[in-house]
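Residue numbers (the numbering used here): 0 to 238.
Some notes on the structure that comes next.
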Ligand code: URA
């Protein structure tokens, strides 16, 4: 049994606060009866109508952590028929990727049917920490990394604060390995940030999403998140 407002929010219909408003306003029916009490508990068998429309609350919540390999798109279906991340996990639940990784980017990707958690983790105001390891062409100068930390203009808008440090620099092969921590999730953000300071990203891996890493998973492997991990993710975005 879960609180009604949580069930509405986790279906992805709206935020928990908005769900509370809808309940108080008498817009929510459970098994045909208008419910205005906020603490009311329901389960997956109850029929919930919001504004007269049935809520998709019938499916148990599932959370996968995938070590995304290269050469796979982060969409449910690809118009060019390329392999998608959906082919790497069981297909009995209608889960969706939380945010996106490029075709050639590897590393941490969460997939879930918990719409509320997806909204919270991807909302820019929640500043979820994402750690990337980028192999960059050339020898990156310290002062350039400072520019990344202070913000650079991409797509006409300045990026928010970031953390960057050099992990390795190889003069012979002329490349640098940089760890970049960002708190937004704009399109191709890391590649564009390096482009803005004059460098090309050759390889990109998302090493961490919040506290989650895929260090124990081989490329293409997945595992389920534990209840504790899901709770921790919620607590990271509801501080
Ligand atoms: N930034 C990028 O440029 N690509 C990704 O896949 C993720 C972040």
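C-beta: ideal position from N, C-alpha, C; glycine also.
| Query | Result |
| --- | --- |
| Quick check on the DSSP output: the alpha helix (DSSP H) that includes residue 118 runs from which residue to which? | 114 to 121 |
| Look up residue 161 in the DSSP assignment and say whether it is helix, strand or coil. | coil |
| Enumerate in chain order the residues of its own chain whose CB-to-CB distance from residue 220 is below 6 Å, with the five nearest sequence positions on each side excluded. | 66 |
| Residues around the ligand URA, please: the condition is that the C-beta lies closer than 5 Å to some non-hydrogen atom of it. | 100, 101, 104, 187, 188, 189, 190 |
| Can you name, in chain order, every residue of its own chain whose Cβ lies under 6 Å from the Cβ of residue 166, other than the five neighbours on each side? | 176, 178 |
| I'd like to confirm the pairing. Which residues does DSSP put opposite residue 212 in its beta bridges? | 207 |
| When DSSP builds the beta bridges, which residues end up paired with residue 63? | 110, 223 |
| Just verifying my parser: in three-state terms, what is the DSSP assignment at residue 2? | strand |
| Starting from residue 21, follow the alpha helix (DSSP H) in both directions and report where the run begins and ends. | 15 to 23 |
| I think residue 93 touches residue 58, with their Cβ atoms under 8 Å apart; what is that distance to the nearest whole Å? | 7 Å |
| Starting from the C-beta of residue 168, find all residues in its chain whose C-beta is less than 7 Å away, skip the five residues before and the five after it, and write them out in chain order. | 138, 175 |
| Tell whether a beta-carbon distance below 7 Å holds between residue 203 and residue 104. | yes |
| Compute the distance between the beta-carbons of residue 10 and residue 114, then report whether it is under 7 Å. | yes |
| Span of the alpha helix (DSSP H) holding residue 146? | 141 to 149 |
| Secondary structure at residue 135, three-state DSSP: helix, strand or coil? | strand |
| For residue 100, I'd like the list of residues in its chain whose CB is within less than 8 Å of its CB, leaving aside the five on either flank, ordered along the chain. | 67, 73, 106, 108, 205 |
| Over the uninterrupted alpha helix (DSSP H) stretch that includes residue 190, give me the two end residues. | 188 to 195 |
| Nearest to residue 226 by alpha carbon, out of 2, 63, 133, 31? | 63 |
| Hey, could you find the ends of the beta strand (DSSP E) residue 179 is sitting in? | 174 to 181 |
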